[in-house]
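For the sequence shown, position 289 matches number 332 in this note's numbering, and the numbering has no gaps at all.
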Amino acid sequence: MWMGPGVALVIWENPVMQAPHVNPPNGQAADADLEHDVNLKPYNSFGLPATAHRLVRIRSAADVRRVVDHPVLGLAPKFVLGGGSNIVLTHDIDAVVLKIEIPGIRLLEERADAWIIEAGAGVPWHQLVEWSLDQGIGGLENLALIPGTVGAAPVQNIGAYGLEMQDRLENVVVVDLVTGRAATLPAGVCRFGYRDSVFKQSGFGGLAGKSVITQVRFRCPKPWQPVLGYLELDRKMLETGISAPSARQIFDWVCEIRRAKLPDPAVIGNAGSFFKNPVVSPEQCRDIIGRDPHIVHYPMPDGQIKLAAGWMIDACGWKGKAVGGAAVYERQALVLVNRSGEARGAEVVTLARAIQESVYGRFGIRLEPEPVLL
Ligand code: EPU
Numbered sequence: 044m045w046m047g048p049g050v051a052l053v054i055w056e057n058p059v060m061q062a063p064h065v066n067p068p069n070g071q072a073a074d075a076d077l078e079h080d081v082n083l084k085p086y087n088s089f090g091l092p093a094t095a096h097r098l099v100r101i102r103s104a105a106d107v108r109r110v111v112d113h114p115v116l117g118l119a120p121k122f123v124l125g126g127g128s129n130i131v132l133t134h135d136i137d138a139v140v141l142k143i144e145i146p147g148i149r150l151l152e153e154r155a156d157a158w159i160i161e162a163g164a165g166v167p168w169h170q171l172v173e174w175s176l177d178q179g180i181g182g183l184e185n186l187a188l189i190p191g192t193v194g195a196a197p198v199q200n201i202g203a204y205g206l207e208m209q210d211r212l213e214n215v216v217v218v219d220l221v222t223g224r225a226a227t228l229p230a231g232v233c234r235f236g237y238r239d240s241v242f243k244q245s246g247f248g249g250l251a252g253k254s255v256i257t258q259v260r261f262r263c264p265k266p267w268q269p270v271l272g273y274l275e276l277d278r279k280m281l282e283t284g285i286s287a288p289s290a291r292q293i294f295d296w297v298c299e300i301r302r303a304k305l306p307d308p309a310v311i312g313n314a315g316s317f318f319k320n321p322v323v324s325p326e327q328c329r330d331i332i333g334r335d336p337h338i339v340h341y342p343m344p345d346g347q348i349k350l351a352a353g354w355m356i357d358a359c360g361w362k363g364k365a366v367g368g369a370a371v372y373e374r375q376a377l378v379l380v381n382r383s384g385e386a387r388g389a390e391v392v393t394l395a396r397a398i399q400e401s402v403y404g405r406f407g408i409r410l411e412p413e414p415v416l417l
């Protein structure tokens with residue numbers, strides 16, 4: 044049985060993976076799929092230049108097994124690439140890039156209290172949200188238009204407008220990158236936090252770089268209940284006079300809100316929010332309010348306070364500022380963009396560091412980047 048370090052409960056192995064397995068002679072099957080010197084610019088939402096010296100497209104769990112069993116690739120370090128919407132590439136990649144393209148969406152099960160949907164890790168996230176609504180299944184609408192793939196969603200514990208991935212996750216199917224064995228991890232062992240999970244953690248028990256997510260199963264509760272209460276959704280209800288919106292209506296509102304202030308990566312390269320919203324103690328918050336009474340902050344259920352990083356960056360005067368081709372988005376200071384289309388990863392990192400320093404200088408808060416800097 045596959046046992047990820049520190050992951051205590053594995054409920055069943057994927058039956059597909061229990062079929063007898065024969066190593067390809069001299070790894071021929073994997074060699075056929077191996078691509079050399081692949082330009083990654085189209086494969087990262089920031090549109091940053093970098094080359095993958097070796098890249099394998101993964102269309103099934105069996106493809107992962109072929110890589111694991113390959114005499115050379117099996118031993119090489121690996122880098123798992125989903126939709127590339129949460130990375131900043133600053134150099135070429137020597138590790139073998141596994142580009143996840145596993146397709147498929149299906150209704151796995153209808154229970155008395157929920158619909159269970161399964162999607163391949165390579166499915167674009169927004170496509171899954173649309174598909175579920177087209178089937179009359181609500182529950183994912185608050186997460187509309189988030190760039191990236193289904194497989195990346197639990198890694199980041201994506202969240203928006205009052206809902207996080209962890210609120211809808213049933214389980215995650217992974218393949219271990221050393222043993223090639225598949226396992227199903229229930230949501231409870233995924234160590235979800237704010238934009239964090241076991242799949243992102245590399246410390247004790249973390250699974251970063253150790254496994255590939257092949258499928259994700261979602262639980263959409265029955266009867267459907269709207270997730271409201273987020274300021275901008277409340278504003279839409281007031282503006283339209285609709286007090287009991289449908290899932291489709293919330294989807295449309297979320298799309299409108301996002302389109303109004305977040306840049307479309309297909310038009311201008313970006314990785315969404317570049318920094319996490321920092322969480323501070325009530326004492327720290329009081330201290331900052333003493334100096335900056337207008338700072339936007341939200342009390343959290345555990346008594347801590349979340350500060351709006353976008354507001355702090357904006358207050359330091361960063362909107363529209365640039366380093367080379369990289370810039371701070373004019374309509375939302377939390378988002379860095381590839382304004383020229385020709386930005387380099389180093390320029391993005393230089394800009395990010397300058398922002399961190401200026402926010403630290405004024406508020407005494409160290410902003411933490413949300414994307415992975417490579
Ligand atoms: N603000 C400013 N100036 C700015 C940006 C923001 O004053 O340039 C203020 C806003 O007016 C608002 C507050 O800061 O009062 C917070 O801004 P907003 O409501 O836009 O949300 P956010 O904290 O910037 C977070 C998530 C987004 C998610 C939205 C909606 C993080 C790091 N970001 O943004 O997630 O879509 O809430 O739920 O948690 C992402 O992770 O890529 C992402 C886009």
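Glycine is no exception: its CB is placed at the ideal position from the N, C-alpha and C atoms.
All values reported here derive from a predicted model rather than from experimental measurement.
Assigned exposure category for residue i - 16 Cβ within 10 Å defines buried
i                 : result
threonine 283     : exposed
aspartate 219     : buried
phenylalanine 247 : exposed
proline 190       : buried
histidine 113     : buried
proline 197       : buried
glycine 181       : buried
proline 68        : Residue placement at proline 68 cannot be trusted, given a pLDDT of 49 that sits under 50; the coordinates are not used to answer.
histidine 64      : Because histidine 64 carries a pLDDT of 41, less than 50, the predicted location of this residue cannot be relied on, and the following value inherits that uncertainty. Result: exposed.
glutamate 1       : Because the chain spans 44 through 417 in this model, residue 1 falls outside it and cannot be assessed.
glutamine 375     : buried
glutamine 199     : buried
arginine 154      : exposed
serine 245        : exposed
asparagine 185    : buried
glutamate 152     : exposed
proline 306       : buried
lysine 279        : buried
isoleucine 398    : buried
Any non-hydrogen atom of the ligand EPU closer than 8 Å to residue i Cβ
i                 : result
alanine 195       : no
glycine 205       : yes
lysine 304        : yes
tyrosine 273      : yes
leucine 377       : yes
phenylalanine 318 : yes
alanine 187       : no
aspartate 335     : no
lysine 362        : yes
alanine 309       : no
isoleucine 143    : no
glycine 353       : yes
glycine 125       : no
aspartate 357     : yes
arginine 238      : yes
9 Å Cβ cutoff met for residue i and residue j
i              : j                 : result
valine 371     : leucine 350       : no
glutamate 161  : arginine 260      : yes
tryptophan 168 : isoleucine 143    : no
proline 85     : leucine 132       : no
isoleucine 130 : leucine 410       : no
serine 103     : threonine 222     : no
leucine 183    : cysteine 263      : yes
methionine 356 : phenylalanine 294 : According to the sequence displayed, residue 356 carries isoleucine and not methionine. It is not a contact, given that the beta carbons lie outside the stated cut-off.
proline 120    : alanine 95        : no
isoleucine 101 : glycine 165       : yes
glutamate 275  : isoleucine 300    : yes
valine 391     : alanine 369       : yes
valine 193     : leucine 176       : no
leucine 379    : alanine 314       : yes
leucine 77     : leucine 141       : no
isoleucine 408 : proline 321       : yes
Exercise. With a floor of 3 residues, list each beta strand (DSSP E) that falls wholly inside the region 323 to 394, ordered by position along the chain.
Key: With a minimum length of 3 residues, the continuous beta strand (DSSP E) runs that stay inside the region 323 to 394 are 340 to 342, 348 to 350, 369 to 371 and 378 to 381.
Exercise. Could I get the ranges of all uninterrupted alpha helix (DSSP H) runs contained in the region 234 to 302, with 4 residues as the minimum, in chain order?
Key: Segments of the alpha helix (DSSP H) lying fully in the region 234 to 302: 274 to 283.
Exercise. Can you check the region 122 to 185 for any alpha helix (DSSP H) of at least 4 residues that lies completely inside it and give the ranges in chain order?
Key: DSSP runs (the alpha helix (DSSP H)) wholly in the region 122 to 185: 168 to 177.
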